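Some notes on the structure that comes next.
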Amino acid sequence: MPDPTAVNTMFAHVAHRYDLANRVLSGGIDLWWRRRLVRSVRAQSPARILDLATGSGDVAFALARGLGPEVRITGMDFCQPMLEVALAKQVIAGDDRLARIEFTPGDGLNLPLGDACVDAVTIAFGLRNMADRTRALAEMRRVLVPGGWLHVLEFSQPAPWLRPFYYFYMRRVSPAIAGLLTGEPGAYRYLCDSIAQFPDRAGLASEIRAAGFEEVAADTLTGGIVALHTARRPAG
Numbered sequence: 710m711p712d713p714t715a716v717n718t719m720f721a722h723v724a725h726r727y728d729l730a731n732r733v734l735s736g737g738i739d740l741w742w743r744r745r746l747v748r749s750v751r752a753q754s755p756a757r758i759l760d761l762a763t764g765s766g767d768v769a770f771a772l773a774r775g776l777g778p779e780v781r782i783t784g785m786d787f788c789q790p791m792l793e794v795a796l797a798k799q800v801i802a803g804d805d806r807l808a809r810i811e812f813t814p815g816d817g818l819n820l821p822l823g824d825a826c827v828d829a830v831t832i833a834f835g836l837r838n839m840a841d842r843t844r845a846l847a848e849m850r851r852v853l854v855p856g857g858w859l860h861v862l863e864f865s866q867p868a869p870w871l872r873p874f875y876y877f878y879m880r881r882v883s884p885a886i887a888g889l890l891t892g893e894p895g896a897y898r899y900l901c902d903s904i905a906q907f908p909d910r911a912g913l914a915s916e917i918r919a920a921g922f923e924e925v926a927a928d929t930l931t932g933g934i935v936a937l938h939t940a941r942r943p944a945g
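Read in order, the letters of the sequence shown are residues 710 to 945 in the working numbering.
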C-alpha cells in the first residue's frame with residue numbers, strides 16, 4: 710500500500726501544475742470521466758456530498774455545476790497545497806454555484822466527520838492512493854447515511870488488447886511529458902506503478918462488498934482504463 714507521507718509530499722510538489730498535466734496526459738478525456746461521475750451522482754439526488762481526495766477540486770466543481778442549488782458539497786483532502794489550488798480556483802472562477810463548496814483538510818483513513826452525515830461520497834482517482842483501502846472504505850461507509858451512495862471513479866485494468874499500448878504509454882511516454890510539465894517525472898512513474906498494482910473491476914467490487922456495501926456495480930470506461938464503481942450503504 711502507498712506510504713501516506715510520500716504521497717502527500719508528491720502531490721504537494723506537483724500541485725501547481727497538476728491540472729495541466731492531467732489534461733495533457735489524458736488528452737482531455739478526464740473531462741468526460743468526470744461528467745459520467747456527475748451523472749451517476751445526479752441519479753441519486755443527494756443533498757449533502759463528500760468529495761474525498763478532492764485534490765485541486767475539479768470533481769467538486771463539476772458536481773456544483775451539474776447538480777441543483779440545494780446540494781451542499783464538502784471537498785476534503787489531506788494535502789494542503791492541493792487544497793490551496795482548489796481554493797484559488799474557486800475564487801478566480803467567480804461562479805456563485807461554487808460558493809456552496811467547502812474545502813477542508815481531512816484524512817480518508819480518519820474522516821473528521823460524524824456518523825451518517827452525508828448522502829453521497831465521491832472519490833476520483835484517490836482510493837488507489839490510500840494507505841489502507843479497507844479502512845478508507847469503512848470510513849466512507851460510516852459517514853454515509855443508511856441508503857446513501859458511494860461513487861468511486863478510479864483507474865482500472867484495461868482490456869487485454871489495449872494493455873501493451875497503454876502500459877507503454879504510462880511507463881515510457883507519460884513520465885517524460887509530466888517531467889516537462891511539472892518537473893516531477895517520478896510522481897508519474899509512481900502513478901503507473903500504482904495502477905499496475907491496483908485491483909481490476911471485479912477485485913475492487915469485492916473489496917467494496919467486503920466493506921459492507923450492497924448493490925455494487927461497475928461501469929467500464931475507455932476500454933477499461935477507468936471504471937466507475939457505485940455502491941449503497943444498506944438502509945437497515
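Every residue gets a Cβ at the ideal spot worked out from N, C-alpha and C, and that includes glycine. No experiment lies behind these values; they were computed from the predicted model shown.
| Query | Result |
| --- | --- |
| When DSSP labels each residue in this structure, what does Thr831 get in the three-state scheme? | strand |
| Among Leu807, Phe812, Glu811 and Arg842, which has the Cα closest to the Cα of Asn819? | Arg842 |
| Comparing C-alpha positions only, which one of Ala914, Pro943 and Arg918 sits nearest to Leu937? | Ala914 |
| Which stretch, first to last residue, makes up the beta strand (DSSP E) that contains Asp786? | Arg781 to Asp786 |
| If we count Cβ pairs, one from each stretch, closer than 8 Å, do we get three or more for the segment 897-916 versus the segment 743-761? | no |
| Can you give the Cα-Cα distance for Ser883 and Val723, rounded to whole angstroms? | 14 Å |
| Let's test the definition: count the other Cβ atoms within 10 Å of the Cβ of Tyr878 and tell me whether it reaches 16, buried, or not, exposed. | exposed |
| So, for Ala769: in the same chain, excluding its five sequence neighbours on each side, which residues have a beta-carbon less than 6 Å away from its beta-carbon? | Asp760, Thr763, Ile782, Gly784 and Ile810 |
| Can you tell me whether Gly857 is helix, strand or coil according to DSSP? | strand |
| Considering Thr763, what are the terminal residues of the alpha helix (DSSP H) in which it resides? | That residue, Thr763, is in no alpha helix (DSSP H); it is neither H nor E in DSSP. |
| Does the separation of the CB atoms of Gly857 and Arg942 fall below 8 Å? | yes |
| Considering only their Cβ atoms, is the gap separating Arg743 from Ala829 smaller than 8 Å? | no |
| Who does Asp928 pair with in a DSSP beta bridge? | Leu937 |
| Nearest to Met839 by CA position, among Cys788, Glu893, Thr891 and Arg881, is which residue? | Cys788 |
| Quick check on DSSP: helix, strand or coil for Phe720? | helix |
| Exposed or buried, Leu889, counting other C-beta atoms within 10 Å across all chains shown (16 or more means buried)? | exposed |
| Among the residues of its own chain, which have a CB less than 6 Å from the CB of Gln799, if the five just before and after it don't count? | Leu807 |
| Quick one: any contact between the segment 854-871 and the segment 723-738, if contact means 3 or more CB pairs under 8 Å? | no |
| Going by DSSP in three states, Phe877 sits in which element: helix, strand or coil? | helix |
| Any idea if Leu740 is buried or exposed, counting beta-carbon neighbours within 10 angstroms, 16 or more meaning buried? | exposed |
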